[in-house]
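Asks:
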Amino acid sequence: MAKETPEQKTTNQILIEQLMLNVGKISAIIEKQGQSIFGHKNLLSNNEINDYSLEFLELLTMLLQAGARVDRRGAEYKALRQFFANFSQQIQVRGGDMDEFVRYIHFLQSTFLENLEADKSVSFEKSREILMLLGTIFNDIILEVFHIYLETKEKTIQAQQEELKQTSTPITEIWEGVLTLPIIGSLDSSRTMIVMEKLLSRIESDRARVVVIDVTGVMAIDSQVSHHLIQMIRATGLMGATAILTGIRPEIARALTSLNIDLSSVTTRSKLSEGLKEAFRQLSIEVSRPGK
Amino acid sequence: MIEGIHLTPIGDGNVLLEPGEGLDPSNPESMVAPVLEFLQRHEARRLVYDLKSIRLIDEVYYSWLTKLYATCRIANVEMVTVNMQPAAAYALSLTLSQSPPFSCALDIHSLK
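Residue numbers (UniProt numbering), protein chains in the order written: chain A, 1 to 292; chain B, 1 to 112.
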C-alpha cells in the first residue's frame with residue numbers, strides 16, 4: 001500500500017501524527033508552562049500539572065480520532081469540555097484567576113502551532129485548516145470556561161448575599177418576652193419579607209411581648225423603607241406584641257419629617273439601651289445592681 | 001347556637017369566640033346580632049376572638065372583624081383578637097393603612 005502524502009491526509013490525521021511523534025516534547029513544554037502559570041501561586045502541584053497535561057493530550061487525540069469534523073455533540077468533545085470545566089473550577093476554588101486559565105489555553109494552542117511550523121512537509125493550505133480547527137476548538141473551550149466562571153461567580157455572590165441577609169438581622173431574645181432586632185444596611189422589599197417572616201415566627205415561638213427594633217445601622221431611609229418599617233411594626237402589633245423603634249439618627253428623623261411619615265403611633269427611643277428600659281418597664285421588670 | 005361560631009364564657013367577664021368552618025365572613029349582618037345577644041346575656045366585658053385557625057385574613061374577613069368590633073363597642077364590650085398567625089399578620093399588615101381598631105394580644109394567658 002502506497003504511503004499517504006501530507007496533502008492526502010486529513011487535518012485531523014496530521015495533528016494526530018504531530019501529537020504522536022512529539023508527545024514527549026509537547027507534554028514537557030505544556031508541563032513547564034503550566035508550572036510557570038499555576039505553580040508560582042501554588043494553584044496546582046507539579047504532579048497535578050503533569051496529570052492534567054497528559055489527560056488533555058489524550059482527550060484531544062480522542063477528539064481528533066473521532067471524525068474529520070469536530071462534533072460538538074459527540075462524547076469526545078463533551079469529555080474535553082468537561083475536562084476544562086473541572087480544571088477551571090479547581091483553579092477558581094484555589095483562588096486562581098480567569099486570566100491564568102486563558103493564558104494557559106492560549107499557550108496550548110501556540111504549542112501546537114509552533115510544532116506545526118517546524119514540520120516543513122505540511123502545506124500552507126493544510127496549515128491554515130489546522131489553524132482554523134485549533135482556533136474553533138480552543139475558542140469554544142475558552143467560551144465554555146468563561147461561562148462556567150461567570151456562573152460560579154454569580155452563585156457565590158448570591159450565596160453571600162443570602163448569608164448576609166440572614167446574618168445581618170440577628171433576632172435575639174434579650175430577656176424573657178423581649179426580642180431585639182438590629183437592622184443593619186438598607187431595607188428593601190425582599191429583605192423586609194425575610195426579616196418580617198423571621199420576626200413574626202420568633203414572636204410566636206418565643207411568646208415575645210415586646211420587640212425592640214434598632215435602626216442605628218440604617219444609613220439612609222426613603223419613603224419605601226419607612227413604609228416597610230411601619231408595616232413591620234403593624235404586623236408585630238397584630239401578633240399582640242409591642243414594637244419599640246430605637247436609634248433613629250438625626251438625618252433619618254429629618255428625612256422622615258420631610259417625607260411626612262407619621263411615627264406618632266410608634267413608641268420610639270433614642271438608643272437601644274433606652275428601648276430596652278422601656279421594654280422592661282412595659283413588662284414590669286426591674287433590673288438593679290446587687291445590693292441596691 | 002350561631003352557625004360557624006362557638007362562644008364560651010371563660011370567666012372574669014370574658015367570652016371566647018372560636019370561629020369554625022361554617023363561618024361566612026361575607027355575611028356579618030346575620031351573625032353580629034346573635035353574638036351581641038350572647039354577650040349581653042352573659043354580661044360580658046370582653047370578647048376574645050381566637051384567630052388560631054385562621055390562616056389568612058383578607059379584606060372580607062377583616063371587614064367582618066371590624067363590624068363585630070363596632071357592634072361590641074356599642075354594647076361597651078372590648079374586643080381582643082388572640083393567636084393571630086404570623087402569615088396572617090404579615091398579609092394583613094400589607095393591606096392595612098392604619099392599625100386595627102380592636103386590640104390584639106399574643107394569647108389568652110397574656111390578657112390582663
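No residue lacks a Cβ here, since even glycine has one placed at the ideal position from N, Cα and C.
If Glu-78 (chain B) and Arg-55 (chain B) are in contact, beta carbons under 8 Å, what's the gap, nearest whole angstrom?
Replies: Not quite, the Cβ-Cβ distance comes to about 25 Å (not below 8 Å), so this is no contact.
Asks: Given the structure, does Arg-269 (chain A) come close to the ligand ADP, in the sense that its CB is under 6 Å from one of the ligand's heavy atoms?
Replies: The ligand ADP is absent from the structure shown, which contains no ligand whatsoever.
Asks: Rounded to a whole number of angstroms, what is the C-alpha to C-alpha distance between Gly-247 (chain A) and Gln-98 (chain B)?
Replies: Near 23 Å, if we compare the C-alpha coordinates of Gln-98 (chain B) and Gly-247 (chain A).
Asks: Which class does Ala-255 (chain A) belong to by DSSP, given the choice of helix, strand or coil?
Replies: Helix at Ala-255 (chain A).
Asks: Kindly list, in the order they appear in chain D, the residues whose Cβ is closer than 9 Å to that of Cys-104 (chain B).
Replies: The structure shown contains no chain D; the protein chains it does contain are A and B.
Asks: Of the choices B:Gly-20, B:Leu-94, B:Ile-57, whose alpha-carbon is the least far from that of Gln-224 (chain A)?
Replies: Checking every option, the nearest Cα to that of Gln-224 (chain A) belongs to B:Leu-94.
Asks: Classify Pro-19 (chain B) as buried or exposed, calling it buried when 16 or more other Cβ atoms lie within 10 Å of its own Cβ.
Replies: Answer is buried; the Cβ neighbour count reaches 16.
Asks: Going by the beta-carbon positions, is the gap between Val-145 (chain A) and Phe-84 (chain A) smaller than 7 Å?
Replies: In this structure, Phe-84 (chain A) lies closer than 7 Å to Val-145 (chain A) by Cβ.
Asks: Determine the contact status of Val-212 (chain A) and Ala-279 (chain A), defining contact as a CB-CB distance below 7 Å.
Replies: Against a cut-off of 7 Å, the Cβ pair of Ala-279 (chain A) and Val-212 (chain A) comes out as a contact.
Asks: Against chain B, which members of the segment 255-267 of chain A pass a CB distance test of less than 7 Å?
Replies: Those residues of the segment 255-267 of chain A that come within reach of chain B (Cβ to Cβ, closer than 7 Å) are Ser-265.
Asks: Under DSSP, the alpha helix (DSSP H) around Leu-65 (chain B) begins and ends at which residues?
Replies: Start and end: 59-74.
Asks: If Val-210 (chain A) sits next to Leu-283 (chain A), beta carbons under 8 Å apart, how far is it from one beta carbon to the other, in whole angstroms?
Replies: 6 Å between Cβ atoms; contact.
Asks: How about Leu-59 (chain A) and Leu-80 (chain A): are their beta carbons less than 7 Å apart?
Replies: Yes, these two residues count as a Cβ contact at 7 Å.
Asks: Closest to Ser-127 (chain A) by CA distance: which of A:Asn-115, A:Gly-237, A:Asp-140 is it?
Replies: For the residues A:Asn-115, A:Gly-237, A:Asp-140, the minimum Cα distance to Ser-127 (chain A) belongs to A:Asn-115.
Asks: Do Pro-170 (chain A) and Asp-214 (chain A) have their beta-carbon atoms positioned less than 7 Å apart in this structure?
Replies: No, the Cβ-Cβ distance between Asp-214 (chain A) and Pro-170 (chain A) is not below 7 Å.
Asks: Just mark Gly-135 (chain A) as buried or exposed, buried being the case when its beta carbon has 16 or more other beta carbons within 10 Å.
Replies: By the 10 Å Cβ count, Gly-135 (chain A) comes out exposed.
Asks: Measuring only the C-alpha atoms, how far is Arg-41 (chain B) from Leu-16 (chain B)?
Replies: Between Arg-41 (chain B) and Leu-16 (chain B), the C-alpha separation is close to 14 Å.
Asks: Report the neighbours of Arg-209 (chain A) on chain B: residues whose CB is nearer than 7 Å to its CB, in chain order.
Replies: Those within 7 Å of Arg-209 (chain A) in chain B are Leu-106, Ser-110.
Asks: Excluding the five sequence neighbours on either side, which residues of its own chain have a C-beta within less than 6 Å of the C-beta of Pro-290 (chain A), listed in chain order?
Replies: For Pro-290 (chain A), where only same-chain residues beyond five positions count, there are no Cβ hits under 6 Å.
Asks: Name the chain B residues that come within less than 8 Å of Gln-231 (chain A), Cβ to Cβ?
Replies: Those are Ser-93, Leu-94, listed as they occur along chain B.
Asks: Could you check whether Thr-192 (chain A) and His-228 (chain A) sit closer than 7 Å to each other, using their CB atoms as the reference points?
Replies: Yes.
Asks: Would the segment 61-80 of chain A and the segment 25-38 of chain A be scored as touching if the rule is three or more Cβ pairs under 8 Å?
Replies: No, the segment 61-80 of chain A does not touch the segment 25-38 of chain A.
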